[in-house]
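Chemist: Structure below; questions to follow.
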Amino acid sequence: MKNEMSLQFKALSQNESFARVTVAAFLTQLDPTMDELTEIKTVVSEAVTNSIIHGYNDDPSGIVYIDMKMEDGMVDLEIRDEGQGIMDVEEARQPLFTSKPDMERSGMGFTIMENFMDQMEVISHPGTGTIVRLRKHLTKSTAMCN
Ligand SMILES: Nc1ncnc2c1ncn2[C@@H]1O[C@H](COP(=O)(O)OP(=O)(O)OP(=O)(O)O)[C@@H](O)[C@H]1O
Ligand SMILES: [Mg+2]
Numbered sequence: 003m004k005n006e007m008s009l010q011f012k013a014l015s016q017n018e019s020f021a022r023v024t025v026a027a028f029l030t031q032l033d034p035t036m037d038e039l040t041e042i043k044t045v046v047s048e049a050v051t052n053s054i055i056h057g058y059n060d061d062p063s064g065i066v067y068i069d070m071k072m073e074d075g076m077v078d079l080e081i082r083d084e085g086q087g088i089m090d091v092e093e094a095r096q097p098l099f100t101s102k103p104d105m106e107r108s109g110m111g112f113t114i115m116e117n118f119m120d121q122m123e124v125i126s127h128p129g130t131g132t133i134v135r136l137r138k139h140l141t142k143s144t145a146m147c148n
């Protein structure tokens, strides 16, 4: 069975936990393992934080969008912003690359997302914003969403 949901919220740091918990609550329909739940919560947290602090530079008038689809044990997540975008996506995806070293960022967000998920696609253009698409197959692929 197929299921999907969408969320949109203001680019406020307190909404990062709202997004993470909401995605986790929806995901429970697929009966994930504790590790899978933790991994997906972590990637949502990383992507949403990036949209808030890099995409919108902490300007709360920005909106972050999440689309989530689940089918036969497969999870597709899209986290999108209409913020400043990324000049060089390949460079941004490198481990330890950060454009905000002064803010004690470690440059590991994309690397974590890539490691915890099966697939990651980043589409971004300066001035138009960023889309991060993430896909993961859960181990119990017979799990159904009722
Ligand atoms: N949504 C986004 N909008 C604009 N730039 C982004 C966005 N997401 C990532 N970036 C750019 O890509 C870089 C790498 O992101 P990544 O999440 O890997 O590291 P970080 O956010 O700098 O540090 P960390 O995630 O470890 O705190 C960022 O420093 C930023 O320049
Ligand atoms: Mg980050």
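Residues 3 to 148 (the working numbering) make up the sequence shown, in order.
The C-beta atom is built at its ideal place from N, Cα and C for all residues, glycine as well.
Give a yes or no on whether the C-beta atoms belonging to Ala13 and Val66 are separated by under 7 Å.
Modeler: As a first step, residue 13 must be located in the sequence shown, where it is residue number 11. As a first step, residue 66 must be located in the sequence shown, where it is residue number 64. Cβ distance < 7 Å, so Ala13 and Val66 count as in contact.
Chemist: Around ligand 3, what residues have a beta-carbon under 5 Å from a heavy atom of it, in chain order?
Modeler: With respect to ligand 3, the structure offers nothing, as its ligand set consists of ligand 1 and ligand 2.
Chemist: State buried or exposed for Gln121, treating a residue as buried only when at least 16 other CB atoms are found within 10 Å of its CB.
Modeler: As a first step, residue 121 must be located in the sequence shown, where it is residue number 119. So Gln121 counts as exposed.
Chemist: Is Thr132 near ligand 1, with its Cβ less than 6 Å from a heavy atom?
Modeler: Here residue 132 refers to the residue found at position 130 when the sequence shown is read from its first residue. Checking every heavy atom of ligand 1 against the Cβ of Thr132, one is found closer than 6 Å.
Chemist: Check this for me: beta carbons of His127 and Gly75, under 7 Å apart or not?
Modeler: Indexing the sequence shown from 1 puts residue 127 at position 125. Indexing the sequence shown from 1 puts residue 75 at position 73. Cβ atoms of His127 and Gly75: not closer than 7 Å.
Chemist: Please give me, in chain order, every unbroken run of the beta strand (DSSP E) with length at least 3 that falls completely inside the segment 46–107.
Modeler: The segment 46–107 contains these whole beta strand (DSSP E) runs: 65–73, 76–83.
Chemist: Report yes if the C-beta of Ile81 is less than 6 Å from at least one heavy atom of ligand 1; otherwise report no.
Modeler: For the purposes of this step, residue 81 is taken as the residue at position 79 of the sequence shown. For ligand 1, not one heavy atom lies less than 6 Å from the Cβ of Ile81.
Chemist: As a quick exercise: from Thr24, Glu116, Gly129, pick the residue whose alpha carbon is nearest that of Asp69.
Modeler: For the purposes of this step, residue 69 is identified with residue 67 of the sequence shown, where counting begins at 1. Comparing Cα-Cα distances from Asp69 to each of Thr24, Glu116, Gly129, the minimum goes to Thr24.
Chemist: For Met89, I'd like the list of residues in its chain whose CB is within less than 7 Å of its CB, leaving aside the five on either flank, ordered along the chain.
Modeler: One-based indexing of the sequence shown puts residue 89 at position 87. Hits under 7 Å: Pro128.
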